[in-house]
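To start, the structure itself, in structure tokens.
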Amino acid sequence: MEAIVTHQIDFSKWEALLLKSSYANPFQTPEFYNFCNQFKHLLCNVFAIENSIGEYEAVCLVTIQKEKGLKSYFSRRAIVYGGPILSDNCSEEAFGELLKIMEAGLKKKVIYIEVRNYHNYSAYRSIYDGKEWLYQPYLNIKVPLAFSSPSEVLGSFKYNRRREVKLSIKAGLTYGSVASMEDIVGIYDILQNLYTKEVGLPLPPLKYFEDLWKTGLLKVFAVKDNEKTVGGSFCLVLDNQAIYTYYYCGLRDYKPKTYPTHLAVLAAMEYGINNNLKYLDFMGAGLANKDYGVRKYKKEFGGGVVEEGRFLKITNKPLYKLGVMAMKILKKKG
Numbered sequence: 081m082e083a084i085v086t087h088q089i090d091f092s093k094w095e096a097l098l099l100k101s102s103y104a105n106p107f108q109t110p111e112f113y114n115f116c117n118q119f120k121h122l123l124c125n126v127f128a129i130e131n132s133i134g135e136y137e138a139v140c141l142v143t144i145q146k147e148k149g150l151k152s153y154f155s156r157r158a159i160v161y162g163g164p165i166l167s168d169n170c171s172e173e174a175f176g177e178l179l180k181i182m183e184a185g186l187k188k189k190v191i192y193i194e195v196r197n198y199h200n201y202s203a204y205r206s207i208y209d210g211k212e213w214l215y216q217p218y219l220n221i222k223v224p225l226a227f228s229s230p231s232e233v234l235g236s237f238k239y240n241r242r243r244e245v246k247l248s249i250k251a252g253l254t255y256g257s258v259a260s261m262e263d264i265v266g267i268y269d270i271l272q273n274l275y276t277k278e279v280g281l282p283l284p285p286l287k288y289f290e291d292l293w294k295t296g297l298l299k300v301f302a303v304k305d306n307e308k309t310v311g312g313s314f315c316l317v318l319d320n321q322a323i324y325t326y327y328y329c330g331l332r333d334y335k336p337k338t339y340p341t342h343l344a345v346l347a348a349m350e351y352g353i354n355n356n357l358k359y360l361d362f363m364g365a366g367l368a369n370k371d372y373g374v375r376k377y378k379k380e381f382g383g384g385v386v387e388e389g390r391f392l393k394i395t396n397k398p399l400y401k402l403g404v405m406a407m408k409i410l411k412k413k414g
């Protein structure tokens, strides 16, 4: 067994593991790694474990992030979107070694490491526990796309969601894949306004989405009223598997009896059905023991709730505690 890090990574072995792993997701691919490394605010590290016959048994792509200005010192973090990519017979020894080299490679760079799972990693929970990672019971919602045609999708929605979608279409709203960069700008403007006024979380710059779309990794769907963009969704796709609702939005109270955000999600679902994908992944539904309004919204599309959780490793406890307090204060000050 051999530990491999960033610049030693063999992309062909990484691709080979992705093709056969049931833990695969689009945020753990060589393409996403190459894309992220174009941006100064993102730094990617990759860690891998190679077995005795020269195949990768585990790979983990980590993005190192921080906020701008004063917040940067207290927000240095390593995020693993989706969870590590593992062979279906990955040994506990190999997985433990993967965590070991990740911690060693990141502990001086970040305050904490967070793994946001998009699959069930309960088989490796004991390895995390033994290395003092904290488990957080985060939920997710996945919508099966086992429909013979897009027209069957509405039948799986809750009554109100189905009614609101029909009203939106009747009012003249349309939806589909974007045809130009102008459409992306229109969606981004709505999303940026939402994150600034309501969500209060950082949003990648417009260039991030424009460039990601150009690579083909990002699928973008726009909701329109004639030529006016009133909503949309930015989604990543793992071929033959799933579509992930990275970001989606719609103008609120735009017109009576119109619900642009619903159509932004529906567009992604229909793309998935037309391209033989298995499910739509909403990428999170909050902590299991806390109310989360968006969870109810997502469930209206007919999906099931699963607890895939997150794992947290605090690499600098004093700074982590100080950072939590500092970020709360800075967030209140805007």
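If you count the sequence shown from 1, you need to add 80 to reach the numbering used here.
We treat Cβ as the ideally placed atom computed from N, Cα and C, and that holds for glycine.
Reduced DSSP category for residue i - H, G, I as helix; E, B as strand; rest coil
| i | result |
| --- | --- |
| residue 266 | helix |
| residue 308 | strand |
| residue 294 | helix |
| residue 107 | helix |
| residue 157 | strand |
| residue 420 | The structure shown does not extend to residue 420, since the chain is modelled only from 81 through 414, so no value can be given for it. |
| residue 357 | coil |
| residue 332 | coil |
| residue 201 | coil |
| residue 86 | helix |
| residue 190 | coil |
| residue 393 | strand |
| residue 174 | helix |
| residue 214 | strand |
| residue 283 | coil |
| residue 348 | helix |
| residue 365 | coil |
| residue 247 | helix |
| residue 322 | strand |
| residue 225 | coil |
Where residue i falls, given that 16 or more other Cβ within 10 Å makes a residue buried
| i | result |
| --- | --- |
| residue 130 | buried |
| residue 346 | buried |
| residue 361 | buried |
| residue 106 | buried |
| residue 351 | buried |
| residue 269 | exposed |
| residue 265 | exposed |
| residue 355 | exposed |
| residue 415 | Not covered by the structure: residue 415. The range shown for the chain is 81 to 414. |
| residue 168 | exposed |
| residue 91 | exposed |
| residue 295 | exposed |
| residue 102 | exposed |
| residue 309 | buried |
| residue 262 | exposed |
| residue 162 | buried |
| residue 160 | buried |
| residue 214 | exposed |
| residue 158 | buried |
| residue 398 | exposed |
| residue 203 | exposed |
Short Cβ contact (8 Å threshold) for residue i with residue j
| i | j | result |
| --- | --- | --- |
| residue 133 | residue 383 | no |
| residue 387 | residue 219 | yes |
| residue 85 | residue 127 | yes |
| residue 175 | residue 186 | no |
| residue 303 | residue 280 | no |
| residue 234 | residue 357 | no |
| residue 389 | residue 197 | yes |
| residue 370 | residue 247 | no |
| residue 178 | residue 144 | no |
| residue 217 | residue 367 | yes |
| residue 208 | residue 391 | yes |
| residue 189 | residue 156 | yes |
| residue 223 | residue 363 | no |
| residue 184 | residue 321 | no |
| residue 373 | residue 341 | no |
| residue 136 | residue 100 | no |
| residue 344 | residue 289 | no |
| residue 299 | residue 257 | yes |
| residue 378 | residue 251 | no |
In DSSP terms, what residue i is bridged to
| i | result |
| --- | --- |
| residue 138 | 129, 166 |
| residue 277 | According to DSSP, residue 277 bridges with nothing at all. |
| residue 386 | 220 |
| residue 303 | 255, 311 |
| residue 123 | 144 |
| residue 341 | Looking at the DSSP assignment, residue 341 forms no beta bridge with any residue, so it has no partner. |
| residue 195 | 160, 391 |
| residue 327 | 314 |
Presumed contact (8 Å Cβ cut-off) between residue i and residue j, rounded CB distance
| i | j | result |
| --- | --- | --- |
| residue 237 | residue 380 | 6 Å |
| residue 324 | residue 313 | That belief does not hold up - the Cβ atoms of residue 324 and residue 313 are roughly 10 Å apart, past 8 Å. |
| residue 193 | residue 182 | 7 Å |
| residue 318 | residue 326 | The Cβ separation is near 12 Å, so there is no contact. |
| residue 244 | residue 339 | 5 Å |
| residue 305 | residue 253 | 6 Å |
| residue 108 | residue 141 | 5 Å |
| residue 275 | residue 286 | Contact flag wrong, Cβ pair sits at about 12 Å. |
| residue 353 | residue 164 | Actually they are not in contact, since the Cβ atoms of residue 353 and residue 164 sit about 29 Å apart, beyond 8 Å. |
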